[in-house]
Amino acid sequence: MAEAQDLKKLTVLAKAGDLNAMYSLGTVLEERGDANSAREWYLKAAALGNTDAMLDLGDRAHWSGDKAAARDWYEQAAELGDDAAMNNLGILAEKAGDKAAARDWYEKAAELDNETAMRSRDALVKEDLESRAAEGDADLENADLMGANLEGAHLTGAHLQGANLRHVDLSEAILTGANLSHANLTEAYLRGAILEGANLTGANLTQADLAGANLKGANLKDANLKDADLGGANLTGADLRGADLRGADLTQADLSEWLFGGTDLTKADLRGAILEGVNLTGANLTQADLAGANLTNAILRDANFSGANFDGAEFKRAKLRGAKMPDGTIHA
């Protein structure tokens, strides 16, 4: 009885021109199995700009195999700013093999916070990048890939200099020999990534997660690694001259054979780090935590260790002449 009364009220409101009532009446009638009457009300609601009705009509057309009609309804809804319609247009374009159009529609929907579209866009971006890298044509200089999910992507030798990779997920990605000079990797997720021999000159890696990453032989000259997480990373032979490592987490990192000059390690966390044989002449390690670090044979002349923590650190055969020690004294 109550359902019948509700249906009657909806019908009265719909006939009086209530847009929401028209659409709601269509859904109720469809649930009751009256598809024809439901369609009539969807058409009336759509004619007055109801995007939900347009979507339903588009879905009906799609299910019946009429892709042209489906696209028409989705386009009408998209023009009115409906992100679900934009995502559906992306799906239609992708199925038709037009990946460029698909990516455009996914991007538009993603800008309206459509998470499904974001995932679809990122999948297309990753597929495109990997394909181009495999063909030696991954030239994405200054590309805007902010927030993209490129987890595990194979991008060996990719040209990404100056690219906007802020918040990008590149965890476990293979970027061997890639050019990322001056790229914006602020807060990027690069945990476990392979960046062996990569060019990161002047790159912004502020607060980036590089834990466990392989940066062997990488060029990080003048890179900004402030507050970055490099715990357990392999930085053997890396060039960090002029890099900003203030507040960086370098716990358990292998920094042997790195190239240093002007690197700022103020308040850096170097607990358990391997710094064997490293030349840190004149380095600023003010308030750095070197507990348990291995500095055997390290060259530390004139380095500043004011307020640093040496608990359990190994300085066997290290050269400390002129270094300012944690207590403020100068090492003879």
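Using my numbering, you'd call the opening residue of the sequence shown number 206 and step up by one each time.
The beta-carbon is built from N, C-alpha and C at its ideal position, and this holds for glycine as well.
Given a threshold of 16 other Cβ atoms within 10 Å of its Cβ, counted over all protein chains shown, does residue i qualify as buried or as exposed?
| i | result |
| --- | --- |
| Ser461 | buried |
| Ala294 | It should be noted that the sequence gives Leu, not Ala, for residue 294. Result: buried. |
| Val217 | exposed |
| Ile479 | buried |
| Lys220 | exposed |
| Trp310 | buried |
| Ala207 | Because Ala207 carries a pLDDT of 41, less than 50, the predicted location of this residue cannot be relied on, and the following value inherits that uncertainty. Exposed, by the Cβ-count rule. |
| Asn347 | exposed |
| Thr534 | exposed |
Quick check on DSSP: helix, strand or coil for residue i?
| i | result |
| --- | --- |
| His387 | coil |
| Asp494 | strand |
| Asn241 | helix |
| Glu519 | strand |
| Leu460 | coil |
| Lys220 | helix |
| Asp327 | helix |
| Asp318 | coil |
| Lys249 | helix |
| Asp427 | coil |
| Asp211 | helix |
Grab the span of the alpha helix (DSSP H) containing residue i for me, first residue to last.
| i | result |
| --- | --- |
| Asn262 | The sequence given here has Leu at residue 262, not Asn. Looking at the DSSP string, the run of the alpha helix (DSSP H) that includes Leu262 is Thr256 to Trp268. |
| Tyr228 | Leu224 to Glu236 |
| Gln281 | Lys272 to Glu284 |
| Met291 | Asp288 to Lys300 |
| Ala315 | Lys304 to Ala315 |
In the DSSP assignment, what residue or residues form a beta bridge with residue i?
| i | result |
| --- | --- |
| Asp414 | Tyr394 and Asp434 |
| Asp469 | Asp449 and Asn489 |
| Lys529 | Asn509 and Ile535 |
| Asn439 | Asn419 and Asp459 |
| Lys524 | Ile504 |
| Asp474 | Asp454 and Asp494 |
Notebook entry, point to check: Fully enclosed by the region 332–410, which beta strand (DSSP E) runs are 3 residues long or longer?
Noted result: none
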